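In the working numbering, the protein residues as written are 939 to 1222.
Next up, the structure:
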């Protein structure tokens, strides 16, 4: 496995593979890997001849009071983990490599970015779509892999690729959880022992929502209120949103259909965590 730091290096390496007729899989990340990241890399390895992992903490998707400077970074650790699952190349550029002096071009996806995380993190998705489009253009992959824990992000990237006619497949992968149900996240490392225990309310609230649905609560607003109340019993957890939305449009749903998602965002201390689940309508 090689670690490269410049656009010229990664283009040379991938270009050689492409000329040999090899397929290329890309896993975009911000690093500090966990089993969720590794699951994406394993799938990319199974589907493609060459696997590229981008490792870049992207400054344009962080707000002024967010955790860009404190976001966990450990290239040596991450490189060893990536190599253990068969990754061929890590692309680890500097901010200056990705956004040289005078950089002034950004990509915006409308509508899908207005609610959920987009409502509380203005500019976040503009940073996400811009860096992803740059990575797609740099690497020229056949497939790119994203976890569904950041469900809105996944749908936004999917929409951008469709709208801009990009010649690659976006592959969405299931949420990977700890044994106790907590969705894996690099930001879990911020949590104290007490906060880590409180964070389990996210996965429990998703299960509670499914129980409510099975019990006949099919109104989106009612389900949302009951889930917020359930989470609110955990004193260390502040609910940012618990929204029932259409799985494609991300619009709020008055009546829950078979294509509904319950999306959660909470703050525990200084840590912001996400989770979600498709809502299964009980068989009649």
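Quick reminder that beta carbons are idealized off the backbone N, C-alpha and C, glycines included.
In this text the structure is predicted, and so the values were computed from the model without any measurement.
- Residue pairing by DSSP puts residue 963 in a beta bridge opposite 989 and 1081.
- When C-beta atoms of the segment 1107–1120 are compared with those of the segment 1174–1194, fewer than three pairs fall below 8 Å, so the two segments do not count as touching.
- Per the coordinates, the alpha-carbon of residue 1207 lies some 37 Å from the alpha-carbon of residue 983.
- Secondary structure note for residue 1036: its alpha helix (DSSP H) is the uninterrupted segment 1033–1036.
- Look at residue 1017 here: in three-state DSSP terms it is helix.
- The Cβ atoms of residue 1005 and residue 970 do not sit closer than 8 Å to each other.
- Residue 999: not part of any beta strand (DSSP E); DSSP gives it neither H nor E.
- With respect to the C-alpha of residue 1051, the residue from 1044, 1039 and 1064 having the closest C-alpha is 1064.
- Annotation for residue 1209: the continuous beta strand (DSSP E) segment containing it runs 1209–1217.
- Cβ-Cβ distances below 7 Å link residue 1204 to 1140, 1169, 1175, 1176, 1177, 1178 and 1211 in the same chain, with the five nearest sequence neighbours on each side left out; the list follows chain order.
- With respect to the C-alpha of residue 1104, the residue from 1075, 940 and 1146 having the closest C-alpha is 1075.
- Remark: three or more beta-carbon pairs, one from each stretch, lie closer than 8 Å, so the segment 989–1008 and the segment 1033–1043 are flagged as touching.
- For the options 1030, 1196 and 1002, the alpha carbon positioned closest to that of residue 1148 is the one of 1196.
- For residue 1095, the uninterrupted alpha helix (DSSP H) run begins and ends at 1089–1101, by DSSP.
- Taking the Cα of residue 1100 as reference, the smallest distance to any Cα among 947, 990 and 1047 is reached at 1047.
- In the DSSP assignment, residue 949 falls within the alpha helix (DSSP H) that extends over 945–957.
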